[in-house]
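**Student:** When you read off a place in the sequence shown, starting at 1, and then add 345, the result is the number in my numbering.
We put the CB at the ideal spot given by N, CA and C, even for glycine.
No experiment lies behind these values; they were computed from the predicted model shown.
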Amino acid sequence: MNFASTKESNHSNGDDSGEGTWVLGIDLGGTTIKFGLFRGDKLIWRNHIRTDDFESPEAAFQSCRDSVERTLKESSQTLEDLHAIGLAMAGVLDPKAEALAETANLHRWHHLNFRQQLADVFQKPVALLNDADAAALAESAHGLCRANSLVLLTLGTGVGGGVILDGRPIRGANGCGGEIGHATIDFSNDARMCGCGFPGHLEAYAGSAGVIQTANEILKQTEAASALRGMKSLTPLAIANAAADGDAVAIRVIHQTGIVIGRAIAMFSHVVDPDVVLLGGAMTFGGPGTDTGKQFLQSIREECFPRTLVQISSHLKIEFATLGNDAGIVGAAHYSRQVAGETSWPGTAIR
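1) Mind reading off the beta-carbon distance from G481 to I525? Whole number of angstroms is fine, and I expect it under 8 Å.
2) Confirm, please, whether the CB-CB distance from A435 to D476 is below 9 Å.
3) From this set, G506, F532 and D531, which residue's C-alpha is nearest C521's C-alpha?
4) Output the boundary residues of the beta strand (DSSP E) element that contains I509.
5) Tell me, please, which residues DSSP counts as bridged to A433.
6) If you draw a straight line from the alpha carbon of D426 to that of P619, how long is it in whole angstroms?
7) Which residue's Cα is closest to the Cα of L438: G512, R491, T423 and G517?
8) Give me the Cβ distance between V605 and A554, rounded to the nearest whole Å; I'm assuming they're in contact under 8 Å.
9) When we look at the beta-carbon of P651 and count the other beta-carbons within 10 Å, is it buried (16 or more) or exposed?
10) Looking at the secondary structure, which residues open and close the beta strand (DSSP E) in which T339 lies?
11) Out of curiosity, what's the CA-to-CA distance linking L489 and E568?
12) Would you report the Cα separation of P691 and L498, rounded to the nearest angstrom?
13) Can you list, in chain order, the residues of its chain whose CB lies under 7 Å from that of T529, leaving out five sequence neighbours each side?
14) Can you list the alpha helix (DSSP H) stretches of 4 or more residues lying completely in the region 553–591, in chain order?
15) Does DSSP put R597 in a helix, a strand or coil?
16) In or out: R395 buried (at least 16 other Cβ within 10 Å) or exposed?
17) Would you call the region 662–675 and the region 411–427 in contact, with 3 or more CB pairs under 8 Å?
18) Could you tell me whether the Cβ of S420 comes closer than 9 Å to any Cβ of chain D?
19) Comparing C-alpha positions only, which one of L388, Q422 and T377 sits nearest to F708?
20) Rounded to a whole number of angstroms, what is the C-alpha to C-alpha distance between T653 and Q683?
21) Measure the C-alpha to C-alpha separation of R537 and T559 and round it to an integer number of angstroms.
22) Just the C-alpha distance for N392 and D535, rounded to the nearest angstrom, thanks.
23) Under three-state DSSP, which class holds M628?
24) Looking only at its own chain, which residues have a Cβ that is under 8 Å from the Cβ of R597, when we skip the five neighbours before and after it?
25) Would A483 and S681 be called neighbours here (beta carbons separated by less than 9 Å)?
26) Considering only the beta carbon of each residue, do V616 and I663 sit closer than 9 Å?
27) On the three-state DSSP scale, how would you describe E400?
28) May I ask you to report which of helix, strand or coil DSSP gives R395?
29) Which of the three DSSP states, helix, strand or coil, is assigned to W690?
30) Should G363 go down as buried or exposed, given a rule of 16 or more other Cβ atoms within 10 Å for buried?
31) Thinking C-beta only, is G431 closer than 9 Å to A479?
32) Under the three-state reduction of DSSP, which class applies to K639: helix, strand or coil?
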């Protein structure tokens, strides 16, 4: 299967007879729980369930186990053949309690020990990591821009971040490493407030609400005609569509968003010095296949490179991520094998 595609399916188009260890990758989000069964680097099967359909993580994991057990049986395997599980979750993970310390979308399940609950249901070892770290690890090991040192920015409602150094995710002493969306990029007295309650964070400018605020501010500053003016539901998608039609205000919004992201990348590049910085998530203004996406990327590069040391700017690549919505399960599965000592960077291209 080509992981550059985000099309949903129950089974991959590939043959499931290849050799390799069976592992399960789970991506637990506020709306959907996605899971994929892998044999080696091949995705054999994937599925998803709605998070709100379950009162507890244990009930959701039991539903997942039932589905996995049926799928393994179709391949003449049993749960005994499943080696390990990787669980990716949205939020700040407490590395000691193995629970969500901070979360925007899973308040009902706050402070629960997810690793232990999943291990109890499957009776298998579980490796736990943040969802942005999982996506970054997937891109590092299996994406089109594979690199031993990589940073991934996920752009959407918020701005997530994952940092990979020497092929492994870095979370720091308290599980907050890589929270690039909460890096301060505006130190002025009138800096925007981030949703976390602190001023000037990148997320307040490059998250979806921040982009909409930028659009409204520009509309107030100019009398230029724009399709965005008076729009009842102003969204980043509407801005991207207007920019694609040549709307000058929309193009300016995307350019301004690229500037703040470029500054943030320049800042953390002097700390991390990655080979590659990737942009993923739902808010890339069309991504690599569109003119607006290409212009967005160009704005980021043009702002970032002049602000970095020549040794960085002459080598750093800034590109779009390639694994799409499957990055979470791919990274979770890879991490489970990595923790078990079975694999390290680089992996192979997921097929």
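**Tutor:** Answer, in terms of the structure:
1) Residue 481 sits at position 136 when you count from the first residue of the sequence shown. Residue 525 sits at position 180 when you count from the first residue of the sequence shown. The displayed chain sequence assigns Ala, not Gly, to residue 481. Actually they are not in contact, since the Cβ atoms of A481 and I525 sit about 11 Å apart, beyond 8 Å.
2) Position 131 of the sequence shown, counting from 1, holds the residue named residue 476. Position 90 of the sequence shown, counting from 1, holds the residue named residue 435. Cβ distance < 9 Å, so D476 and A435 count as in contact.
3) Here residue 521 corresponds to residue number 176 of the sequence shown, with the count starting at 1. For C521, the nearest C-alpha among the options comes from G506.
4) As a first step, residue 509 must be located in the sequence shown, where it is residue number 164. Start and end: V504 to L510.
5) In the sequence shown, residue 433 corresponds to position 88, counting from 1. BP columns for A433 point to D372 and L474.
6) Residue numbering aside, residue 426 sits at position 81 when the sequence shown is read from its first letter. Residue numbering aside, residue 619 sits at position 274 when the sequence shown is read from its first letter. Spanning the two alpha carbons is a distance of roughly 37 Å.
7) Working through the sequence shown from its first residue, we reach residue 438 at position 93. Closest option to L438, Cα to Cα, is G517.
8) If you number the sequence shown from 1, residue 605 lands on position 260. If you number the sequence shown from 1, residue 554 lands on position 209. Contact flag wrong, Cβ pair sits at about 14 Å.
9) Counting from one through the sequence shown, the residue named residue 651 turns up at place 306. Answer is exposed; the Cβ neighbour count stays below 16.
10) Nothing can be reported for residue 339: it is not among the residues displayed for the chain, which extend from 346 to 696.
11) On the sequence shown, residue 489 is found 144 positions in, with the first residue counted as 1. On the sequence shown, residue 568 is found 223 positions in, with the first residue counted as 1. The straight-line gap from Cα to Cα measures roughly 43 Å.
12) Residue mapping note: residue 691 aligns to position 346 of the sequence shown, counting from 1. Residue mapping note: residue 498 aligns to position 153 of the sequence shown, counting from 1. Its pLDDT being 48, under 50, P691 is placed unreliably by the model, and nothing is read from it.
13) The residue given as residue 529 occupies position 184 in the sequence shown. Answer for T529: G545 and H546, listed in chain order.
14) 553–566 and 581–589
15) Taking the first residue of the sequence shown as position 1, residue 597 is located at position 252. It is helical.
16) Numbered from 1 along the sequence shown, position 50 holds the residue referred to as residue 395. R395 comes out exposed.
17) no
18) Considering every chain present, this structure includes no chain D. It has just one protein chain.
19) The structure shown has nothing for residue 708, since the chain only spans 346 to 696.
20) If you number the sequence shown from 1, residue 653 lands on position 308. If you number the sequence shown from 1, residue 683 lands on position 338. For T653 and Q683, the distance between alpha carbons rounds to 33 Å.
21) Residue 537 sits at position 192 when you count from the first residue of the sequence shown. Residue 559 sits at position 214 when you count from the first residue of the sequence shown. Each residue's alpha carbon lies about 11 Å from the other.
22) As a first step, residue 392 is located in the sequence shown; it is residue number 47 there, counting from the start. As a first step, residue 535 is located in the sequence shown; it is residue number 190 there, counting from the start. Between N392 and D535, the C-alpha separation is close to 45 Å.
23) Position 283 of the sequence shown, counting from 1, holds the residue named residue 628. Coil at M628, not helix or strand.
24) As a first step, residue 597 is located in the sequence shown; it is residue number 252 there, counting from the start. Answer for R597: I563, listed in chain order.
25) On the sequence shown, position 138 is the one that residue 483 refers to. On the sequence shown, position 336 is the one that residue 681 refers to. Their beta carbons are not under 9 Å apart, which means A483 does not touch S681 by this criterion.
26) Taking the first residue of the sequence shown as position 1, residue 616 is located at position 271. Taking the first residue of the sequence shown as position 1, residue 663 is located at position 318. In this structure, I663 does not lie closer than 9 Å to V616 by Cβ.
27) Locating residue 400 in the sequence shown gives position 55, where the first residue counts as 1. Three-state DSSP puts E400 in coil, outside helix and strand.
28) Counting from 1 along the sequence shown, the entry for residue 395 is found at position 50. In this structure, R395 counts as strand in the three-state DSSP scheme.
29) Taking the first residue of the sequence shown as position 1, residue 690 is located at position 345. With a pLDDT of 45 at W690, under the threshold of 50, the modelled position of that residue is not reliable, and the figure given next carries that caveat. Coil, per DSSP.
30) Start at 1 with the first residue of the sequence shown, and residue 363 comes out as number 18. Summary for G363: the model assigns pLDDT 44, below 50, so the residue's position carries little reliability; its value from the coordinates is reported in the next sentence. Under this definition G363 is an exposed residue.
31) If you number the sequence shown from 1, residue 479 lands on position 134. If you number the sequence shown from 1, residue 431 lands on position 86. Their beta carbons are under 9 Å apart, which means A479 touches G431 by this criterion.
32) On the sequence shown, position 294 is the one that residue 639 refers to. Three-state DSSP puts K639 in a helix.
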